[in-house]
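Numbering (our numbering), first residue to last: 33 to 244.
This is the structure in structure tokens:
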């Protein structure tokens with residue numbers, strides 16, 4: 033345990049912790065997207081899916097608690113790295129240029145992370161802890177996405193998530209020392225594919241719900 037704590041205190045240890053918790057959220061988003069695709073099948077299919085999730089009880093509670101812990105660790109670690117890098121900025125060490133380069137994603141990671149946090153809180157208030165329990169989860173989703181302000185906020189948040197993940201996925205492999213130039217084009221391609229999947233996968237749902 034001592035070596036683990038000492039490792040976490042180092043910059044590379046923090047980055048590995050960021051990578052591990054970030055990967056957990058990518059997996060969660062994939063599962064979440066698969067569930068949300070049932071919105072296209074209509075109220076019966078989606079409400080049945082929501083009921084099955086609710087019936088899992090303790091399992092869902094444990095999963096949500098785990099995600100909350102991962103989120104706290106990811107945010108705190110990210111902020112620590114941000115301030116450490118900020119302090120070291122006048123005498124920054126030379127960074128080897130890689131295929132990932134400096135992108136919008138890499139330059140805005142702390143800010144997109146905070147924007148995502150704000151959206152997650154708003155999303156949970158609306159869907160997980162609503163003022164009044166809805167009779168139909170599908171109807172609740174349709175009502176929110178039918179409101180243009182929320183639809184625009186959701187769509188903007190999805191783009192921010194895509195930007196964050198596009199760089200985060202590449203950074204994960206760089207941190208793990210797997211950024212060999214032979215494999216980087218493939219890794220970058222997967223990162224772009226994931227970001228597009230989430231951008232269009234989640235982003236088209238409010239458009240569909242709002243129009244149809």
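C-beta atoms are modelled at their ideal positions from N, C-alpha and C, and glycine is treated no differently.
Excluding the five sequence neighbours on either side, which residues of its own chain have a C-beta within less than 7 Å of the C-beta of residue i, listed in chain order?
{"i": "residue 176", "result": "158 and 182"}
{"i": "residue 204", "result": "51, 54 and 55"}
So, with DSSP's three-state summary, where would you put residue i?
{"i": "residue 210", "result": "coil"}
{"i": "residue 231", "result": "helix"}
{"i": "residue 81", "result": "helix"}
{"i": "residue 76", "result": "helix"}
{"i": "residue 109", "result": "helix"}
{"i": "residue 96", "result": "helix"}
{"i": "residue 47", "result": "helix"}
{"i": "residue 166", "result": "coil"}
Taking all protein chains shown into account, do 16 or more other C-beta atoms lie within 10 angstroms of the C-beta of residue i, making it buried, or fewer, making it exposed?
{"i": "residue 207", "result": "buried"}
{"i": "residue 202", "result": "buried"}
{"i": "residue 219", "result": "buried"}
{"i": "residue 200", "result": "buried"}
Please list, in chain order, all residues of the same chain as residue i whose beta carbon is under 6 Å from its beta carbon, the five residues on each side excluded.
{"i": "residue 151", "result": "189"}
{"i": "residue 241", "result": "174 and 177"}
Grab me the residues of residue i's own chain with a C-beta within less than 8 Å of its C-beta, minus the 5 sequence neighbours each way, in chain order.
{"i": "residue 224", "result": "198"}
{"i": "residue 191", "result": "231 and 235"}
{"i": "residue 113", "result": "43, 46, 47 and 50"}
Among the options, which has the Cα closest to the Cα of residue i?
{"i": "residue 44", "options": "71, 110 and 72", "result": "110"}
{"i": "residue 167", "options": "75, 156, 89 and 135", "result": "75"}
{"i": "residue 62", "options": "82, 79 and 229", "result": "229"}
Would you give the residue range spanned by the alpha helix (DSSP H) that residue i belongs to?
{"i": "residue 139", "result": "136 to 139"}
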